[in-house]
Amino acid sequence: MSSLQLASVCTLREAAELKGQLMAQLGQPGDVEIDAAQVGKVDTAGLQLLLAFVSQLDIEGRNLAWKQPNPELYRAAGQLGLVEALKLPAVEA
Amino acid sequence: MSIDLAQFHATFFEESREALDTMEAALLELDESGGDPETINTIFRVAHSIKGGAGMFGFSDIASFTHTLETLLDELRNSRVALNERISNALLQSVDVLRAMIGTVQHGHEADPERVATLHAELTALVKGAGVDTPPPPPVIAVEASTPPAAAPAPAGAAAPESTSARNQWAIRFRARQELLTRGNDPVRLFSELAGLGPLDARPDLSTMPTLEALDPEVCHIAWDLVLTSDVARETIDLIFEWAEGDCDLDVKRVVAAPAEPAAVTEATETEQAAAPEAAAPVAAEAPSAAAAKAEAPIAAPAVVAAPAAASAAAPVVKAVEGSGKPAASADSTSIRVSIEKIDELLNMVSEIVITQSMLNQLATRVDGVAGDALKSGLAQLESNVRELQESVMRVRMLPVSFVFSRFPRLVRDLSHRLGKQIRLKMTGEQTELDKTVLEKIGDPLVHLVRNSIDHGIEMPDARVEAGKPAEGTVHLNAFHKGGSITLEVSDDGKGLDKDRIREKAISRGLIDARDALTDDQINELIFLPGFSTAEATTDLSGRGVGMDVVRRNIKELGGSIELKSEKGKGTRFVINLPLTLAIVDGLSVQVGEETYIVPLVTIVESLQLKPGHSNNLVDHGEVFSFRGDYLPIIRLHEAFGVEPKARNLHEGLVMVVEGDGRRAGLFVDSLLGQQQVVIKSMESNYGRIEGIGGATILGEGAVALILDVPGLIRLAANSQPAARLIA
Numbered sequence: 001m002s003s004l005q006l007a008s009v010c011t012l013r014e015a016a017e018l019k020g021q022l023m024a025q026l027g028q029p030g031d032v033e034i035d036a037a038q039v040g041k042v043d044t045a046g047l048q049l050l051l052a053f054v055s056q057l058d059i060e061g062r063n064l065a066w067k068q069p070n071p072e073l074y075r076a077a078g079q080l081g082l083v084e085a086l087k088l089p090a091v092e093a
Numbered sequence: 094m095s096i097d098l099a100q101f102h103a104t105f106f107e108e109s110r111e112a113l114d115t116m117e118a119a120l121l122e123l124d125e126s127g128g129d130p131e132t133i134n135t136i137f138r139v140a141h142s143i144k145g146g147a148g149m150f151g152f153s154d155i156a157s158f159t160h161t162l163e164t165l166l167d168e169l170r171n172s173r174v175a176l177n178e179r180i181s182n183a184l185l186q187s188v189d190v191l192r193a194m195i196g197t198v199q200h201g202h203e204a205d206p207e208r209v210a211t212l213h214a215e216l217t218a219l220v221k222g223a224g225v226d227t228p229p230p231p232p233v234i235a236v237e238a239s240t241p242p243a244a245a246p247a248p249a250g251a252a253a254p255e256s257t258s259a260r261n262q263w264a265i266r267f268r269a270r271q272e273l274l275t276r277g278n279d280p281v282r283l284f285s286e287l288a289g290l291g292p293l294d295a296r297p298d299l300s301t302m303p304t305l306e307a308l309d310p311e312v313c314h315i316a317w318d319l320v321l322t323s324d325v326a327r328e329t330i331d332l333i334f335e336w337a338e339g340d341c342d343l344d345v346k347r348v349v350a351a352p353a354e355p356a357a358v359t360e361a362t363e364t365e366q367a368a369a370p371e372a373a374a375p376v377a378a379e380a381p382s383a384a385a386a387k388a389e390a391p392i393a394a395p396a397v398v399a400a401p402a403a404a405s406a407a408a409p410v411v412k413a414v415e416g417s418g419k420p421a422a423s424a425d426s427t428s429i430r431v432s433i434e435k436i437d438e439l440l441n442m443v444s445e446i447v448i449t450q451s452m453l454n455q456l457a458t459r460v461d462g463v464a465g466d467a468l469k470s471g472l473a474q475l476e477s478n479v480r481e482l483q484e485s486v487m488r489v490r491m492l493p494v495s496f497v498f499s500r501f502p503r504l505v506r507d508l509s510h511r512l513g514k515q516i517r518l519k520m521t522g523e524q525t526e527l528d529k530t531v532l533e534k535i536g537d538p539l540v541h542l543v544r545n546s547i548d549h550g551i552e553m554p555d556a557r558v559e560a561g562k563p564a565e566g567t568v569h570l571n572a573f574h575k576g577g578s579i580t581l582e583v584s585d586d587g588k589g590l591d592k593d594r595i596r597e598k599a600i601s602r603g604l605i606d607a608r609d610a611l612t613d614d615q616i617n618e619l620i621f622l623p624g625f626s627t628a629e630a631t632t633d634l635s636g637r638g639v640g641m642d643v644v645r646r647n648i649k650e651l652g653g654s655i656e657l658k659s660e661k662g663k664g665t666r667f668v669i670n671l672p673l674t675l676a677i678v679d680g681l682s683v684q685v686g687e688e689t690y691i692v693p694l695v696t697i698v699e700s701l702q703l704k705p706g707h708s709n710n711l712v713d714h715g716e717v718f719s720f721r722g723d724y725l726p727i728i729r730l731h732e733a734f735g736v737e738p739k740a741r742n743l744h745e746g747l748v749m750v751v752e753g754d755g756r757r758a759g760l761f762v763d764s765l766l767g768q769q770q771v772v773i774k775s776m777e778s779n780y781g782r783i784e785g786i787g788g789a790t791i792l793g794e795g796a797v798a799l800i801l802d803v804p805g806l807i808r809l810a811a812n813s814q815p816a817a818r819l820i821a
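Heads up: the protein sequence lines correspond to chains A and B, in order.
When you line the first sequence up against our numbering, it's residues 1 to 93, in that order.
When you line the second sequence up against our numbering, it's residues 94 to 821, in that order.
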């Protein structure tokens, strides 16, 4: 399983960079763990990229695990109704 | 690619300032109307849009301040608190504080943090006094409302009790357009604000999501169907999306209504059913259960598909309703914001065309025959078109005088409160249009005049009653067109100028001699002399020595003039005459030797040829001639400008009677050449200020001609003959 560490800010400003990071991750085989402990700020652009990434993993039949998703990530994803689509675990707040 | 939100800051600052002007005017109106709901709504909308913008750009101090302000306004709007003077003062001060806060973030000027904190506390106290706690800002509510594991549907904020008892539901179809994200409209923030109104269920439509590789990270590819359970009005929802207008497609429909409003329900349902009899119903039926089921189960695919269909089918109806209810939205799209520099560049180009066209006219006189006639006819057409073009561009620069007048209701209110006077401000002719530059520069002189009227003119209420006048004094601001110029008047029904005191003061300052016999008008003129002030005590309102002389000088710099009429016990009236624009002047070209000068038409009274012996050399008064019972000084232009004239004897040339600042004089020139409109080229910006010359222009044949500053010339002449000063 390869691990992907998300930056503390995942917004429109960083979107191009994040997309590059996610594309690079897709290029590596196997399951993926996303470390989202640092995410303090995320917006629609950031969530949309993560969603596309998660969907692609799904299509490729690869497993995804979230590591310590930050409450801020929950808040923003919840606001957009994307908690389930992002496969965020439904336990932590 | 990163997006720099700073590029939108300037627009936010500018729009916020305009919004604050609107808010201030509405607050003053509110004072008078005693709490008209529509006016309160206007103020609320302004506060809300500033809050939205500030939140978007991360100006958290402004957002937090406007949030509290908005809460108080909401209490007023819902009649949970009645308008009183304390609230009214706090609201007006909020406008000042917000202006300062915007200045702080824009220019780094230090706003007074203590004042901000004090007022913020006062607003909070007023809100609390109304029996409500300020709800925390919406994003905080949203954290708790939307975090799935928390599961508890009721947010902790004050909005919760209202929301849970709400029976209205709003179905909102939200689809982003290309630019939504890059214009700073983040759905996370928008939905957070919505969630502040009540429980919000967001169902994403991912049908148009591309793969990660194909995804443009700056475009929002997700659409949403939102269900908001809240009793708020449609308008409140629109306000949240106000900043995203044009960047998203939005359909808002009420799907379940409170039984308390049966009429409204029936109407809404009928409208929707008429448009989409099959589609509208499933949404209404599905929405509540979907909201409840949200936390437990994944979103059922059919719901995602059915909802968009319903929304799009009903869309035309919703849009039609919006069209009739929101005329302002369509009005917005008919205007654009253009920087004044661009208009000035355009105006400058038009000026150059005028000059070129004038040159061509001169050349055309040398072409004879059929070709010459055709050329002249073509040029005549060009001249007419250029003139129209010039007028159109000039009109773009014109703004109504209300642009300046709008600051006075506040000024009069504040000053009259402070001085304990009762003053009514009357404004007429606010729609009269004037060049923007002139308007901007006339603001300060007008403020000075109005302050003077309030401070020195209008008496205390008891003194007024004693004098047989109503306790309430009136200050009247008036604007109207008069020929090619505009007149602004500031008048009051106060005590008028005390001519004896003015005279005494002028004598004590050595400005006039005790033996001088002055007419009333001449005495009034004394107050325009530098350093003249009769204020008993210096207050911070007026009487600081920067007085009427500065007012007159500023107005003169605009090519205008100021006069005053005053009657003891009846009041004072200041009359300001201003040119409509600073860019073009109608003038008469005159010849002196080889030179051509332009005399502004507005200054010319008439032209005449003196017969030999009709002029006199008076001791101390220089050369004068008799004109309708007055003796006017003669200014020989060739002497003033040091040129060799063709005519030296008065009867060989012409004398033009000109007037400036209420003084008349005769300008002696060789001959008149003709009337023409000339484009003013500033001497100050190209060379330096010269007394007696207002600017320069380029004539048709390409030569440069000086435009005379008639008041300046008269002043120059008077200074070289000191004793003649008061005669003219």
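Glycine included, every Cβ here is placed at the ideal spot set by N, Cα and C.
- If you draw a straight line from the Cα of P303(B) to the Cα of E434(B), it is about 44 Å long.
- Within the same chain, Cβ atoms closer than 8 Å to the Cβ of D723(B) are found at R757, the five residues on either side in sequence being excluded.
- Linking D279(B) to A175(B) through their CA atoms gives a straight-line distance of about 36 Å.
- The CB of D31(A) never comes closer than 9 Å to any CB in chain B; the least such distance is about 17 Å.
- In terms of beta-carbon proximity, L50(A) stays away from the interface with chain B, with every pair separated by 7 Å or more.
- Collapsing the DSSP output to three states places Y724(B) in a strand.
- Straight across, the Cα-Cα distance linking V443(B) with K529(B) is about 18 Å.
- Closest by C-alpha distance to E526(B), out of M487(B), L492(B) and H731(B), is L492(B).
- Counting along the chain, Q770(B) sits inside the beta strand (DSSP E) bounded by residues S764 to V772.
- At a cut-off of 7 Å between C-beta atoms, L82(A) counts as an interface residue with respect to chain B.
- Boundaries of the beta strand (DSSP E) around H569(B): G566 to K575.
- With a contact defined as Cβ atoms closer than 8 Å, L532(B) and F496(B) qualify at about 5 Å.
- One thing to note: L73(A) has its Cβ no nearer than 7 Å to the Cβ of L49(A).
- With contacts defined as CB atoms closer than 7 Å, E117(B) and V220(B) fail to qualify as a contacting pair.
- By the rule that beta-carbons nearer than 7 Å mark a contact, K19(A) touches chain B.
- Take L166(B), set aside five residues on each side of it, and the residues of its chain with a beta-carbon closer than 7 Å to its own are I133, I136, F137 and A140, in chain order.
- Three or more pairs of CB atoms, one per stretch, sit closer than 8 Å, so the stretch 312-322 of chain B contacts the stretch 292-299 of chain B.
- With 16 or more other Cβ atoms inside 10 Å of its own Cβ, N571(B) counts as buried.
- A check of alpha carbon separations from L671(B) across I579(B), D344(B) and D713(B) identifies I579(B) as the nearest.
- Per DSSP, reduced to three states, the secondary structure at R608(B) is coil, with no helix or strand assignment.
- Below the 8 Å Cβ cutoff, chain B contributes L305 as neighbours of L22(A), in chain order.
- 7 Å or more divides the Cβ of S285(B) from the Cβ of Q38(A).
- V281(B) has a beta carbon lying within less than 7 Å of a beta carbon in chain A.
- Chain B has no Cβ within less than 7 Å of the Cβ of L6(A).
- Put simply, the CB of L64(A) is far from chain B, with every gap to its CB atoms at 7 Å or more.
- Annotation for M520(B): the continuous beta strand (DSSP E) segment containing it runs I516 to T521.
- Chain A places a beta carbon closer than 7 Å to that of P310(B), counting this residue as a contact.
- Out of N617(B), G787(B), G640(B) and G589(B), the CA that lies nearest to the CA of G680(B) is found in G787(B).
- For L86(A), the nearest beta carbon of chain B is not closer than 7 Å to its own beta carbon.
- Between the alpha carbons of H714(B) and I677(B) lies a distance of about 35 Å.
- Residue range I786 to I791 is occupied by the beta strand (DSSP E) that includes G787(B).
- At a cut-off of 7 Å between C-beta atoms, A295(B) counts as an interface residue with respect to chain A.
- With respect to F720(B), S708(B) sits apart: the two C-beta atoms are not nearer than 7 Å.
- When only Cα atoms are considered, L47(A) and T11(A) end up about 8 Å apart.
- Counting only runs of 3+ residues, the beta strand (DSSP E) found wholly inside the stretch 3-69 of chain A occupies 32-35 and 64-67, in chain order.
- For the C-beta of C313(B), the chain A residues within less than 8 Å are, from N- to C-terminus, T44, A45 and Q48.
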